[in-house]
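Notes follow once the structure below has been shown.
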Amino acid sequence: MTDTVHPLTAHERAHESAESRRGFLLALPAYLYLLVFFALPLAIVFVYSFATRNRTGGTDLSGWNLDSYGRLGDEIVTRVVMRSFGLAMVTTIVCLLLAYPFAYFVSTRRPAVRGLLLVGVMIPFWTNFLVRNYAWRVLLSNDGPVSELTQLLGLGETRILFTQTAVVLGLVYSFLPFMILPLYASLERIDGRLVEASRDLYASSWASFRRVILPLSRPGAIAGSILVFVPSFGAYVTPAILGGDKKPLLGSYIVSQFLTARNWPFGASLSAVLIVVMLSATLVYFRAGGRNL
Amino acid sequence: MIRGWTARLLGSATGLVYFFLYAPVLLLVVFSFSADRNVGRWGGFTLDWYREFGANAEVQDALRISLQVAVVSTLIATVLGTMAALALERFRFRGKKVFDALLYLPIIIPDVTMAVMMLLFFTWSLDLVDTVTGFTLRKGVGTVVVSHIAFNISFVSVVVRARLDGMDQTLEQAAADLYATRWQAFRHVTLPLILPGVLGGALLALTLSLDDVVVTQFASGPGSTTLPVFVFSLIRKGVTPLINAVSVVMLVISVLLVVLSLIAQRASSSDEPATE
Chain A
1 MTDTVHPLTA
11 HERAHESAES
21 RRGFLLALPA
31 YLYLLVFFAL
41 PLAIVFVYSF
51 ATRNRTGGTD
61 LSGWNLDSYG
71 RLGDEIVTRV
81 VMRSFGLAMV
91 TTIVCLLLAY
101 PFAYFVSTRR
111 PAVRGLLLVG
121 VMIPFWTNFL
131 VRNYAWRVLL
141 SNDGPVSELT
151 QLLGLGETRI
161 LFTQTAVVLG
171 LVYSFLPFMI
181 LPLYASLERI
191 DGRLVEASRD
201 LYASSWASFR
211 RVILPLSRPG
221 AIAGSILVFV
231 PSFGAYVTPA
241 ILGGDKKPLL
251 GSYIVSQFLT
261 ARNWPFGASL
271 SAVLIVVMLS
281 ATLVYFRAGG
291 RNL
Chain B
1001 MIRGWTARLL
1011 GSATGLVYFF
1021 LYAPVLLLVV
1031 FSFSADRNVG
1041 RWGGFTLDWY
1051 REFGANAEVQ
1061 DALRISLQVA
1071 VVSTLIATVL
1081 GTMAALALER
1091 FRFRGKKVFD
1101 ALLYLPIIIP
1111 DVTMAVMMLL
1121 FFTWSLDLVD
1131 TVTGFTLRKG
1141 VGTVVVSHIA
1151 FNISFVSVVV
1161 RARLDGMDQT
1171 LEQAAADLYA
1181 TRWQAFRHVT
1191 LPLILPGVLG
1201 GALLALTLSL
1211 DDVVVTQFAS
1221 GPGSTTLPVF
1231 VFSLIRKGVT
1241 PLINAVSVVM
1251 LVISVLLVVL
1261 SLIAQRASSS
1271 DEPATE
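Encoded structure:
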C-alpha cells in the first residue's frame, strides 16, 4: 500500500473512487455468492445449535437455549472428542516424523531434482481422496496383500482393519503431503551461509542441525502440523472406511446426529465447536507465518 | 550439501515415503484386473469387473451426474473466482479485508462442517421458498452444484491470485500508457498472462468436485447421487471387485486432471520472464 503523503487533487480523488468502485463491482458476484451460500449457512448452524429438538425429531427454531451445549460435557461426548484429538495428534506426529527427513533431503538436492521430487508428492495429493482410502481397505482386507506379507515374514496374520491403527494409517496416507509441502518451503529458504557459519565455528553436523536448521524450520513444522491436525480431527471418510463402528470419532459422531439420531441442534452445536477449534488453529497458523509458506 | 551416510539414510527415507505414497494405489490397479472375488487377492487376469462397470446402470448414472455437477460448478466457480482474484490483487475497495477473509473460510473449514452447513441451509431455505411462494423445491442436482461452487470459488481464486501476484505489472501499465481501455488491456494483456492460472484453478475445481463425498451427500436428494457418494455407500455395505474397477476409473480421471494441470503449470513457468 503506497498511500500518498501529500493531499490528493480532486482529479486524483475522483480517479481513486472510480477505481474503488470498479474493484468492488468485480468482487461483487463472488462476494454475494459467498454471503448467501457460505456465510448465511454458517450463521444458520449457530442458530440451530441454540434450537430445540421436538418429539418428532424435527427442530423448533423458537425459544433459544443452551441445552445442546450443555450436552457437550456428557461422558460419551468427551470420550469421542478425546479419542479424535488423540488420533489426530498421533497422525500429526507420524506425519512430522515421516515428512521431516523427506523434506530435508529434497531441500538439499539440485533445483531441477527438487521440482521433480515435489511433483512426485503432489500427484498422489491430487488423486481421488476416496480411492486412496479405499486402496488401504483392499490392502488390509482379510487375506489381503499386507496380511500375506506379514505371514510370509513369519509375523502372523495382520488384523488391523477396523481398528484405530488403520484409521491413523489412512489419515497419514491422506494428509502427509500437507506436512511435506510447508516443511519443505521453510527448509528450502534457510540461508546456507548460516549453516556454513555454524560449521566454521566447529559445530558438529548434528549440533548445526539442532541449533540452526531445526529452529529455522519451526514455522514450517507448525504450519504443517496444523494443516494435518485440523482435517484429521474432523475426518469422516477415512474412519468410515477403515475404522470400526464401535468407537466413533468426532466426524462420524456429528454425521450420525443428522442421519440417524436426528438430533439436529446437538449436531449443530458439535459443528459449531469444531468450527471454533478450526478457526483458532488457523489464527495460530497465520501467526506462525503460514500464509507465506 | 549433505554427503556420506547421512545422505544415504535420508535418501532411503525419501524412497520409503515414495513407496508408501504409490504402492497402495498401484496395487489397487493390479487387483482391479484380478479374477478372484476377494478384493485383495490375485486370481488371474480378467476384465470382468470393467465389463460390469460398463453394464451397471446405477454406476453409469452416477458417473454422468458427477461429470455434469463437476463441469457446471467448475465453469461458474472459475468465472467468479477469477473476478474475485482480479479484484483483490489489482484494486483497493471498501470491504476488501472482510471479503479476503470470507474467501479463505471455505478452504479451511472441515468438510463435515461444510456438509452440515449445506444440509441446514437447504432445509431452511427450501422451506422458506415453499411458505413464501408456494413452490415446492427439493434437494437435487441443483443444490449439489450450488454447494460445490461455494467451495470451489475459493480454490480457484487462490490459484489465480498466486499467478497475478507473481506477474510483472509493467505490461499492463504499458497497455494503459498506449491508450488501451481497461477492457482492452484486460482482454489482450492480462487475460492471456493469467490464463495458465485460470486453467490450473479450473482443473483444481474439477478435481475437488469429483472428489467430494460428504458435502455432496448432505446437499443431494433423490436422483442426484454422484459417483463418489455411490461408491462410498457401496464400500460401507461391503467391498466387491466392482468397486475396485470403479475406483480405478476414478483414479484415471483424477490422474488425467493432474497431468493436465502440470502441463498448464509448465506453460505458466516457461512463458514467465526469467527472474530466478
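Residue numbers (my numbering), protein chains in the order written: chain A, 1 to 293; chain B, 1001 to 1276. Even for Gly, the Cβ is constructed at its ideal location relative to N, Cα and C.
Does DSSP put residue i in a helix, a strand or coil?
| i | result |
| --- | --- |
| aspartate 245/A | coil |
| phenylalanine 1093/B | coil |
| phenylalanine 1033/B | coil |
| threonine 52/A | strand |
| aspartate 60/A | strand |
| isoleucine 190/A | coil |
| valine 1239/B | coil |
| arginine 1161/B | helix |
| phenylalanine 162/A | coil |
| aspartate 1168/B | coil |
| arginine 1187/B | helix |
| threonine 1113/B | helix |
| tyrosine 202/A | coil |
| aspartate 74/A | coil |
| asparagine 263/A | coil |
| serine 1258/B | According to the sequence as given, residue 1258/B is valine; it is not serine. Helix, per DSSP. |
| leucine 1193/B | helix |
| glycine 86/A | helix |
| threonine 1123/B | helix |
| glycine 1081/B | helix |
| arginine 13/A | helix |
| arginine 137/A | helix |
| asparagine 1244/B | helix |
| valine 195/A | helix |
| phenylalanine 1135/B | coil |
| valine 168/A | helix |
| asparagine 128/A | coil |
| arginine 1266/B | helix |
| serine 1154/B | helix |
Please work out which residues of its chain come closer than 7 angstroms, Cβ to Cβ, to residue i, disregarding the five sequence neighbours upstream and downstream, and give them in chain order.
| i | result |
| --- | --- |
| threonine 1190/B | Glu1172 |
| valine 167/A | Leu87, Thr238, Pro239, Leu242, Gly243 |
| alanine 1176/B | Ala1185 |
| leucine 183/A | Ala99, Tyr100, Ala103, Ser217, Gly220, Ala221, Gly224 |
| isoleucine 44/A | none |
| serine 269/A | Ser49, Ser68, Tyr69, Leu72 |
| glutamine 1060/B | none |
Should residue i be labelled buried (16 or more other beta-carbon atoms within 10 Å of its own) or exposed?
| i | result |
| --- | --- |
| phenylalanine 102/A | buried |
| isoleucine 76/A | exposed |
| glutamine 257/A | buried |
| histidine 1148/B | buried |
| arginine 287/A | exposed |
| phenylalanine 1232/B | buried |
| alanine 135/A | buried |
| asparagine 292/A | Low local confidence applies: a pLDDT of 49 at asparagine 292/A is under 50, so the model's placement there is unreliable, with the coordinate-based value given in what follows. By the 10 Å Cβ count, asparagine 292/A comes out exposed. |
| glutamate 1276/B | For glutamate 1276/B, the predicted structure reports a pLDDT of 36, less than 50, and the residue's modelled location is therefore unreliable. The matter cannot be settled from this model. |
| serine 232/A | buried |
| proline 1196/B | buried |
| tryptophan 126/A | buried |
CB-CB under 8 angstroms to residue i, same chain, minus the five flanking residues each way: which ones, in chain order?
| i | result |
| --- | --- |
| arginine 1138/B | Leu1126, Gly1221, Pro1222 |
| valine 195/A | Ser208, Val212, Ile213 |
| threonine 59/A | Tyr48, Ala51, Thr52, Arg53, Trp264, Pro265 |
Once the 5 residues before and after residue i are set aside, which same chain residues still bring their CB inside 6 angstroms of it?
| i | result |
| --- | --- |
| alanine 1245/B | Ser1032, Trp1049, Tyr1050, Phe1053 |
| glycine 1044/B | Ala1035 |
| glutamate 1272/B | Note that glutamate 1272/B has pLDDT 49, beneath the 50 cutoff, so the model's placement of it is unreliable and no number is given. |
| threonine 1136/B | Asp1130 |
| proline 1228/B | Val1213 |
| valine 36/A | none |
| methionine 1114/B | Val1215 |
| phenylalanine 1122/B | Lys1139, Thr1143 |
| proline 145/A | Leu139 |
Is any heavy atom in the ligand MG found nearer than 7 angstroms to the beta carbon of residue i?
| i | result |
| --- | --- |
| threonine 1190/B | Here there are no bound small molecules, and the ligand MG is not part of this structure. |
* To do: Can you give me, in chain order, the residues of the region 113-132 of chain A that have a beta carbon less than 8 angstroms from any beta carbon in chain B?
  => Leu117, Val119, Gly120, Val121, Met122, Ile123, Pro124, Trp126, Thr127, Asn128, Phe129, Leu130, Val131, Arg132
* **Inside the region 211-247 of chain A only - beta strand (DSSP E) runs reaching at least 3 residues** => none
* **Residues from the region 9-22 of chain A in contact with chain B, defined by Cβ distance under 7 angstroms** => Glu19, Ser20, Arg22
* Check each residue of the region 196-225 of chain A: if its Cβ is closer than 8 angstroms to any Cβ of chain B, include it; give the result in chain order. => Ser205
* Of the residues that make up the region 1168-1196 of chain B, which ones have a beta carbon closer than 8 angstroms to any beta carbon in chain A? -> Arg1182
* To do: Enumerate, from N- to C-terminal direction, the unbroken alpha helix (DSSP H) stretches of 4 or more residues contained entirely within the region 1011-1058 of chain B.
  => 1048-1055
* Using Cβ-Cβ distances below 8 angstroms, what residues of the region 1080-1095 of chain B are close to chain A? -> Leu1080, Gly1081, Met1083, Ala1084, Leu1086, Ala1087, Leu1088, Arg1090, Phe1091, Arg1092, Phe1093, Arg1094, Gly1095
* **Selection of the region 1104-1132 of chain B by Cβ proximity to chain A, strictly under 9 angstroms** => Tyr1104, Leu1105, Pro1106, Ile1108, Ile1109, Pro1110, Asp1111, Val1112, Thr1113, Met1114, Ala1115, Val1116, Met1117, Met1118, Leu1119, Leu1120, Phe1121, Phe1122, Thr1123, Trp1124, Ser1125
* Against chain A: residues of the region 1150-1163 of chain B by CB proximity under 9 angstroms -> Ala1150, Phe1151, Ile1153, Ser1154, Ser1157
* Note down, in chain order, all residues in the region 63-82 of chain A with a beta-carbon under 9 angstroms from any beta-carbon belonging to chain B. => none
* **Residues within the region 129-163 of chain A neighbouring chain B, beta-carbon criterion of under 7 angstroms** => Phe129, Leu130, Val131, Arg132, Tyr134, Ala135, Trp136, Arg137, Val138, Leu139, Ser141, Asp143, Gly144, Pro145
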